[in-house]
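>
Residue numbers (my numbering): 5 to 279.
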């Protein structure tokens with residue numbers, strides 16, 4: 005029995021420490037916890053891009069966003085847009101600038117991505133009325149990166165139609181002076197006290213698919229700040245899954261080696277050998 009136990013220990017020791025850590029403590033959601041991925045693509049030739057993950061546990065919606073190419077040091081208004089009554093909205097493109105002024109404003113884009121359903125603020129209210137609460141939106145760091153995480157209690161309509169919603173971030177620097185101002189594109193059609201640059205959409209993305217697996221926890225925090233390590237969500241999801249499978253395979257193999265052979269089988273083997 006002792007050699008077999010030593011064999012199990014040796015098998016476990018052969019696993020890299022990182023694999024064991026992920027296999028044992030990886031924050032993988034339960035199978036009945038829907039998780040969805042959204043890839044954010046630029047609008048208004050902003051150069052912005054990012055990835056968002058949505059996770060539902062009951063009526064608790066957790067939103068993670070990592071984006072880059074935002075205006076450094078400026079707030080990024082962001083929302084879940086779309087419909088919970090079955091209407092199929094999608095992301096617009098720069099060709100939807102119907103007035104031909106060279107900038108896709110929010111009014112032109114709303115025709116395509118729908119009204120605000122949830123305002124993704126860092127604190128306080130998250131209803132549509134907080135859509136222009138730029139003082140409560142995440143702020144891009146000096147490198148133009150935004151990292152965000154928040155859990156929000158939502159209605160059953162959002163739970164039932166989460167796939168029909170999508171994320172839009174706002175804020176462009178049309179005149180490349182490093183800030184939102186009225187010289188770049190004039191006043192916002194939504195609020196004349198705000199520059200158009202502050203409310204014009206910078207990127208948009210729709211739900212990519214259902215049940216992407218595990219969702220990274222701890223790497224994205226609410227508010228401004230650089231994305232941790234620059235690792236893509238796909239890599240985080242994939243590495244956790246691969247590590248768990250590898251660890252499980254070694255453990256199964258080791259346990260099989262430890263399983264005692266039935267006495268009857270041993271006796272039959274010996275009898276066969278004697279013959």
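Note that CB positions come from ideal geometry on N, CA and C, so glycine has one too.
1. Helix, strand or coil for residue 72 per DSSP?
2. Is there contact between the segment 60-69 and the segment 95-111, where contact requires at least three CB pairs shorter than 8 Å?
3. So, is residue 187 buried or exposed, given that buried needs 16 or more other C-beta atoms within 10 angstroms?
4. Would residue 73 pass as a contact of residue 52 if the rule is Cβ separation under 8 Å?
5. Please list, in chain order, all residues of the same chain as residue 118 whose beta carbon is under 6 Å from its beta carbon, the five residues on each side excluded.
6. Taking the alpha helix (DSSP H) that residue 117 belongs to, which residues open and close that run?
7. Please report how far the alpha carbon of residue 180 lies from the alpha carbon of residue 109, in whole angstroms.
8. Does residue 203 come out as helix, strand or coil in the three-state DSSP assignment?
9. Considering residue 52, what are the terminal residues of the alpha helix (DSSP H) in which it resides?
10. Checking 8 Å against the spacing of the C-beta atoms, do residue 67 and residue 166 come in under that value?
11. Alpha carbon to alpha carbon, how far is residue 133 from residue 162? Give it in angstroms, no decimals.
12. DSSP state of residue 64, grouped into three classes?
13. Indicate whether residue 39 and residue 65 have their beta-carbon atoms separated by less than 8 Å.
14. What residues are listed by DSSP as bridge partners for residue 191?
15. If you draw a straight line from the C-alpha of residue 207 to the C-alpha of residue 169, how long is it?
16. Going by DSSP in three states, residue 154 sits in which element: helix, strand or coil?
17. Looking at the secondary structure, which residues open and close the alpha helix (DSSP H) in which residue 160 lies?
18. Assign residue 130 to one of two classes, buried (16 or more other C-beta atoms within 10 Å of its C-beta) or exposed (fewer than that).
19. Quick one: using the 10 Å Cβ neighbour count with 16 as the cut-off for buried, is residue 102 buried or exposed?
20. Leaving aside the five residues before and after residue 194 along the sequence, list all residues of the same chain whose C-beta is less than 7 Å from its C-beta, in chain order.
21. Does DSSP put residue 98 in a helix, in a strand, or in coil?
22. Does DSSP classify residue 147 as helix, strand or coil?
23. Expressed to the nearest angstrom, what Euclidean distance is found between the alpha-carbon atoms of residue 3 and residue 159?
24. Going by alpha carbons, who is nearest to residue 189 out of 122, 106, 78?
25. Identify, in the order they occur along the chain, each residue of the same chain with its Cβ nearer than 8 Å to the Cβ of residue 112, setting aside the five sequence neighbours on each side.
26. With H, G and I counted as helix, E and B as strand and the rest as coil, what does DSSP make of residue 139?
27. Would you report the Cα separation of residue 24 and residue 42, rounded to the nearest angstrom?
28. If distances are taken between C-alpha atoms only, which option among 164, 50, 201, 175 comes closest to residue 89?
Concretely, from the data shown:
1. Strand.
2. no
3. Exposed: under 16 other Cβ atoms inside 10 Å.
4. yes
5. 85, 86, 87, 93
6. Start and end: 110-117.
7. 17 Å
8. helix
9. Per DSSP, residue 52 belongs to no alpha helix (DSSP H) and is neither H nor E.
10. Not in contact: residue 67 and residue 166 (Cβ atoms no closer than 8 Å).
11. 17 Å
12. Strand at residue 64.
13. Not a contact, by the Cβ cut-off of 8 Å.
14. Answer by DSSP bridge pairing, in chain order: 199.
15. 15 Å
16. Judged by DSSP in its simplified three-state form, residue 154 adopts strand.
17. 160-164
18. Taking a 10 Å sphere around the C-beta of residue 130, we find 16 or more other C-beta atoms and assign the residue as buried.
19. Counting Cβ neighbours within 10 Å, residue 102 comes out exposed, since fewer than 16 surround it.
20. 110, 136, 203
21. In this structure, residue 98 counts as helix in the three-state DSSP scheme.
22. coil
23. This structure does not reach residue 3, given that the chain is present from 5 up to 279, and the question cannot be answered.
24. 106
25. 96, 100, 101, 102, 103
26. helix
27. Residue placement at residue 24 is flagged as unreliable, the pLDDT there being 33, under the threshold of 50; a coordinate-derived value is accordingly withheld.
28. 164
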